[in-house]
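First comes the structure, then the notes that go with it.
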Amino acid sequence: MNRRHALLALIGFPFAAKGLDLGSVTNALGGGITDMLGTKLGVNSNQAQGGLGAMLSLAKEKLPGTDYGKIASLIPDAAKYIDLAKKLGAVVGPLKNMAGLNKAFGKLGMSSDTSAKFVPTVTDFLGGLGGDTVKGLLGKVFK
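So that you can map any letter, position 77 of the sequence shown is 72 in this note's numbering, and since no number is skipped, the others follow by simple counting.
As C-alpha cells, this is what we get:
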C-alpha cells in the first residue's frame, strides 16, 4: 500500500463510519489543495485553481503519460484545473518551461513573490501525498 492509499484510508475511516464513500474523501482533498493555497499564499479561488491547472499543464507537457498520471491521480478532477487555467487565459498554448509557467501565474494576477512560493507549496503538498516518486517527478518538471 503506498502512502497515498494509507493516508486516504486513515482520513477516510471516520467518514466511512458515517456512511461517506472514499470518493467523497478524495474530492475533499482536491478542494483542500486549493483552499490551502488560498490560506497560505493569500490567493483567490481563480488564482489557486488556475495556478494549479497551469502547473498540471506544464507537468503534462514535460512528463510521459504514466508519470503525469501519478501526479494527476493525487488531484481529483485534475483535468478541470487545466481547463480552468485555459478559460482564465493563463494557459493559451504550451508553457514549455518555468518562464512560461511564471507568465501564466502573472496572467492570473499573481505577484512575482506569490508565484515564487506557489510551485514549492504545491510540490510539497503533492510530494507529501505521493512520496519520493512524485517528489522526483515534480523536481524534473519544476526546476
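All residues carry an ideal CB built from backbone N, CA and C; glycine is no exception. All values derive from a computational prediction rather than experimental measurement.
Could you check if Pro71 is buried or exposed, using at least 16 other CB atoms within 10 Å of its CB as the buried criterion?
The residue in question, Pro71, is buried, as its Cβ has 16 or more Cβ neighbours within 10 Å.
Is the distance from the Cβ of Ser40 to the Cβ of Leu90 below 7 Å?
No, these two residues do not count as a Cβ contact at 7 Å.
Tell me where the alpha helix (DSSP H) around Leu103 begins and ends.
Taken as a continuous stretch (DSSP letters only), Leu103 belongs to no alpha helix (DSSP H), as it is neither H nor E.
Determine, using beta carbons only, whether Asn97 and Ser110 come nearer to each other than 7 Å.
yes
Within 10 angstroms of its Cβ, does Ala85 collect 16 or more other Cβ (buried), or is it exposed?
Buried, because 16 or more other Cβ atoms sit within 10 Å of the Cβ of Ala85.
Please determine, among Gly126, Val114, Asp119, Lys130, the residue with the shortest C-alpha to C-alpha distance to Met50.
Between Met50 and the set Gly126, Val114, Asp119, Lys130, the nearest pair of CA atoms involves Val114.
Which two residues bound the contiguous alpha helix (DSSP H) that contains Asp78?
From DSSP, the alpha helix (DSSP H) with Asp78 extends over 73 to 82.
Residue from Lys35, Gly46, Asp78 with nearest C-alpha to Gly95:
Gly46
By the 10 Å Cβ neighbour count, where 16 or more other Cβ atoms means buried, how is Lys65 classified, buried or exposed?
Lys65 should be labelled buried.
For a test of the three-state rule: what should DSSP assign to Gly66, helix, strand or coil?
The sequence shown places Ile at residue 66, rather than the Gly named in the question. Of the three classes helix, strand and coil, the one that applies to Ile66 here is helix, per DSSP.
Starting from the C-beta of Gln44, find all residues in its chain whose C-beta is less than 6 Å away, skip the five residues before and the five after it, and write them out in chain order.
Thr29, Tyr76, Leu79
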